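Each remark here refers to the structure printed beneath this line.
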Ligand SMILES: NC(=O)c1ccc[n+]([C@@H]2O[C@H](COP(=O)([O-])OP(=O)(O)OC[C@H]3O[C@@H](n4cnc5c(N)ncnc54)[C@H](O)[C@@H]3O)[C@@H](O)[C@H]2O)c1
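Numbering (the numbering used here), first residue to last: 601 to 922.
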């Protein structure tokens with residue numbers, strides 16, 4: 601199949617693009633490199649540098665049959681400081697893409713949604729049917745795209761799947777080497793802990809008085825390679841006139857302390873912790889129910905926290921040695 605991967609020079613998009621190439625698809629990556637890296641685009645994929653707004657129509661016209669849509673801004677704090685950027689890129693950019701798809705007749709899309717659409721959950725694990733009450737412009741802009749996809753499925757016959765990721769981690773060894781997280785700033789826990797471990801061996805922990813087994817926040821992590829597998833399954837499952845939504849997590853979750861312990865184990869570095877007060881708006885537990893995607897697409901996470909930390913560490917070391 602000829603597929604367009606928007607944001608395919610970013611962390612997750614590049615891993616999915618590599619998996620699509622490996623599975624025999626013809627892949628075009630559209631990315632403006634605002635947070636991505638040209639060298640992450642896998643060999644075998646065609647790379648077009650540009651924004652959704654300027655280039656989506658032109659790229660789609662090249663006989664594209666389906667779209668995997670990752671391109672977005674995704675920093676929660678930045679979204680609170682610059683909400684217009686989030687509405688413009690995440691919703692505006694997506695609408696430009698969807699309109700271009702409609703005009704050209706491409707109606708299959710897999711979209712990167714997020715746990716942030718749920719806001720502070722009333723219960724965990726969170727199911728797809730739970731209320732969506734985003735607490736920041738990032739989550740709200742993603743929810744607006746989900747709603748638009750429901751309408752485009754109903755009104756124009758799009759076949760769409762939204763995958764709501766919780767925390768994605770780890771790195772993927774593709775044909776051209778490791779692909780992993782290179783966000784600036786890095787806000788995700790595992791790469792942050794690994795970077796701190798390598799720098800001075802100290803990690804800051806925001807609160808250890810939550811109602812969790814060890815007092816630190818619990819989050820749901822999945823390995824980026826497992827996530828890529830979910831995308832390939834979602835792509836095959838798109839059906840005209842249907843927009844389906846799936847949560848992606850492992851259903852249990854790990855505490856900040858457990859993550860730090862596993863990072864210490866894989867790096868062999870004794871990591872110290874500096875416990876400070878809680879951050880505003882951090883729920884104690886955010887865990888996904890992935891029962892729906894397991895039942896309907898036969899997907900389940902097969903890699904564990906140790907794999908995520910070990911692969912992220914291998915990626916970090918490979919970049920340092922390059
Ligand atoms: N990383 C996670 O844990 C996580 C969790 C939930 C959801 N998501 C979603 O997954 C997607 C990918 O996340 P990521 O961590 O790989 O982020 P990333 O920043 O590494 O990748 C996003 C890519 O999109 C590109 N891009 C941004 N705006 C663009 C535009 N207007 N036109 C063209 N390209 C543009 C960037 O240059 C970058 O390469 C995002 O949509 C994000 O919201 C990620």
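The beta carbon of each residue, even a glycine, is placed where N, CA and C say it ideally should be.
Computed from a predicted model, the values in this text were never measured in an experiment.
Starting from residue i, trace the beta strand (DSSP E) in both directions and tell me its first and last residue.
i	result
residue 831	Run containing residue 831: none in the beta strand (DSSP E); it sits in the alpha helix (DSSP H), 824-837.
residue 560	No statement about residue 560 is possible, as the shown extent of the chain runs from 601 to 922 and does not include it.
residue 648	646-649
So if DSSP puts residue i in a beta bridge, which residue, or which two residues, is it bridged to?
i	result
residue 848	765
residue 627	603
residue 843	760
residue 666	603
residue 885	818
residue 752	Note: residue 752 sits in no beta bridge, so no partner.
residue 803	873
Between the Cα of residue i and the Cα atoms of the options, which residue gives the shortest distance?
i	options	result
residue 616	873, 711 and 818	711
residue 787	775, 877, 768 and 800	768
residue 633	853, 749 and 784	784
residue 789	629, 693 and 805	805
residue 816	859, 605 and 792	859
residue 907	889, 919, 734 and 824	824
residue 840	754, 716, 889 and 642	754
residue 746	619, 718 and 772	718
residue 581	899, 607 and 913	This structure leaves residue 581 out entirely; the chain is present only between 601 and 922.
residue 813	822, 853 and 826	853
Kindly indicate the opening and closing residues of the alpha helix (DSSP H) around residue i.
i	result
residue 913	905-921
residue 815	From DSSP, residue 815 is part of no alpha helix (DSSP H); its letter is neither H nor E.
residue 659	652-660
According to DSSP, is residue i part of a helix, a strand, or is it coil?
i	result
residue 867	helix
residue 857	helix
residue 892	helix
residue 874	strand
residue 897	helix
residue 879	coil
residue 862	helix
residue 672	coil
residue 639	helix
With hydrogens ignored, establish whether the beta-carbon of residue i is closer than 6 angstroms to any heavy atom of ligand 2.
i	result
residue 674	Among the ligands modelled here, namely ligand 1, ligand 2 does not occur.
Please give the ranges of any beta strand (DSSP E) in the region 754-798, keeping only runs that are unbroken, at least 3 residues long and fully inside the region. 759-765, 767-769, 772-774 and 777-779
Report the start-end ranges of each beta strand (DSSP E) in the region 675-749 that is 3 residues or longer and not cut off at the edges. 708-714
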